[in-house]
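S.K.: Once you've had a glance at the structure underneath, I'll fire off some questions.
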Amino acid sequence: MSVGVKNQCQTPLSPKIERLIQELLRKVPQEHLAGLETIVLVDQVTHKRSRRQGVRGLYWPASQKRPATIELAPSLIYHGMPKFLLHMPFFAKFALANILYHEIGHHYHHRFAHGVTEEKSQSFADNYQHQMLKKAFFWWLLIVLPLWRVVRRFRGKRRQLGKRGKSVRLA
Ligand SMILES: [Zn+2]
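Residue numbers for the sequence shown follow our numbering, beginning at 38 and rising by one.
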């Protein structure tokens, strides 16, 4: 089963982003994606409190209203990054991967762990994100990670809302 990518952004988005997401999804073991129907690209996530916090990605577990969904906000993911980096495919992809793999971690965790604390869920997703980044970018990381840390520091200074992706507990 493949996961669909739906673009619901009002602001124009590079068509490359959908392709990058598909490439990143191919690195994930199929069983971790089971039940995940769509990655929706949005200007801002639809959960109100998270939107106010400026989160860049959100996981919605399956409910009666909708199947399991991940929302990603590319314009927030790339906000504050030096423009020249976005023209470098590695950085464009790596920035997306940070948020996408975290949210997939929530999806995977949700299937076998119910009723865990928010803290546990976050640490599982953080851990999953790091494992997947290592797997997907192994050779790149050896070379580029030091530079990436500089970019994050640079961005942290320019941006008040340094929030990472968050999951929502609906129940
Ligand atoms: Zn999270």
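Note that beta-carbon positions come from the ideal geometry of N, C-alpha and C, so glycine has one too.
Suppose the cutoff is 8 Å on Cβ atoms and the five residues either side in sequence are ignored; what does the same chain contact list for TYR115 look like?
M.R.: LEU123, ALA129, ALA132
S.K.: Decide if the stretch 178-186 is in contact with the stretch 143-154; the criterion is three or more beta carbon pairs, one per stretch, under 8 Å apart.
M.R.: no
S.K.: Pick helix, strand or coil for VAL82, following the three-state DSSP scheme.
M.R.: coil
S.K.: Per DSSP, which one or two residues make a beta bridge with GLY41?
M.R.: In the DSSP output, where bridge partners are listed per residue, GLY41 has THR75.
S.K.: Report back the beta-carbon spacing between THR75 and THR48 to the nearest angstrom; my notes put them in contact at under 8 Å.
M.R.: No, THR75 and THR48 are not in contact; Cβ-Cβ is about 20 Å, not under 8 Å.
S.K.: Grab me the residues of LEU57's own chain with a C-beta within less than 6 Å of its C-beta, minus the 5 sequence neighbours each way, in chain order.
M.R.: LYS130, LEU133
S.K.: Look at CYS46 and VAL79 and say whether their C-beta atoms are less than 8 Å apart.
M.R.: In this structure, VAL79 lies closer than 8 Å to CYS46 by Cβ.
S.K.: Please say whether GLY94 and ALA71 have beta carbons closer to each other than 8 Å?
M.R.: no
S.K.: Would GLN67 be called buried (16 or more neighbouring beta carbons within 10 Å of its own) or exposed?
M.R.: By the neighbour-count rule (16 or more Cβ atoms within 10 Å), GLN67 is not buried but exposed.
S.K.: So what's LEU61 in DSSP terms, helix, strand or just coil?
M.R.: helix
S.K.: What's the gap between the Cα of TYR165 and the Cα of HIS139?
M.R.: One alpha carbon belongs to TYR165, the other to HIS139, and they sit about 7 Å apart.
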